[in-house]
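Residue numbers (full-length UniProt numbering): 1 to 312.
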């Protein structure tokens with residue numbers, strides 16, 4: 001097996017390969033052959049998934065200076081070493097399914113990094129230097145032990161996909177509302193009790209996942225049409241336990257359904273705010289007609305959909 005590995009690396013060096021596949025090799029140490037002499041100066045993509053590596057060499061950047069993608073999925077690496085910060089051309093780093101407890105601050109030196117995957121580890125925090133990754137587009141830190149997110153994360157101006165599922169988050173930093181490029185935000189399986197009111201104002205944000213946050217009992221109005229799933233959120237709430245929203249017309253007061261304020265059980269379907277309001281208007285209008293009463297509604301500011309509903 002060792003001779004076969006050496007032969008593979010030697011051929012890659014001789015033929016100036018840009019891609020090297022060392023997956024499923026049962027490697028416990030970083031191959032010395034990769035670091036021999038000048039290393040592999042032409043190598044751009046290194047695949048070392050499904051091995052048993054526990055650390056990375058300090059001279060990694062010196063021997064593999066043109067590395068663009070590094071895949072270390074499913075190893076036993078505990079610490080992201082300082083040496084990782086010297087891979088200045090690195091665009092994709094996958095350290096998912098390891099035993100990571102610490103990510104060094106030098107991660108912020110990877111100014112070309114676009115995709116960072118740290119899922120399925122044991123991280124309790126991320127260094128604030130993550131905010132220095134201006135080109136970062138994808139950040140997957142799901143299935144860790146994170147209690148909070150770095151305050152400087154909002155400085156990742158290119159971030160489009162943020163996945164923080166199955167952590168221990170109690171809140172989402174309000175600064176995340178400032179991410180100008182964020183398109184998809186997944187926060188399922190945390191301990192969220194509320195979401196920032198400004199979350200969802202951005203036109204770029206299209207998909208939000210908040211399933212299985214049992215303490216989450218409401219959504220900001222800007223998110224009603226962007227939330228894909230909220231099953232397992234909140235707890236059953238009786239109407240008498242909440243102060244319902246309402247609107248008035250003359251002496252008549254109409255209460256909006258409790259769902260406007262609260263997400264019910266995991267089986268409940270949360271309707272858009274406008275639809276809930278129209279349903280209440282519809283039922284109120286018809287109940288008054290049945291009782292022989294006359295209701296005058298001033299609809300000069302109401303949307304056409306409400307007028308059509310009331311006159312059908």
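Heads up, the beta-carbon is just placed ideally off N, CA and C, and yes, glycines get one too. What you are looking at is a predicted structure, and each value in this text was computed from that prediction instead of being measured.
Taken atom to atom, the span from the alpha-carbon of residue 67 to that of residue 90 is near 6 Å. Between the alpha carbons of residue 135 and residue 11 lies a distance of about 34 Å. Around the beta-carbon of residue 165, 16 or more other beta-carbon atoms lie within 10 Å, marking it buried. For secondary structure counted as the alpha helix (DSSP H) over 4 or more consecutive residues, the UniProt domain "Disease resistance R13L4/SHOC-2-like LRR" (105–188) holds no complete run. In this structure, DSSP gives residue 42 a state outside helix and strand, which the three-state scheme calls coil. Here residue 180 is exposed, its C-beta having fewer than 16 other C-beta atoms within 10 Å. Rounded to the nearest angstrom, the Cβ distance from residue 107 to residue 85 is 7 Å, consistent with a contact under 8 Å. Between residue 74 and the set 53, 57, 65, 83, the nearest pair of CA atoms involves 53.
For the 9 Å CB-CB criterion, residue 63 and residue 34 form a contact.
DSSP places residue 204 outside both helix and strand once states are collapsed to three, so it counts as coil. For residue 228, the enclosing beta strand (DSSP E) covers residues 227–229.
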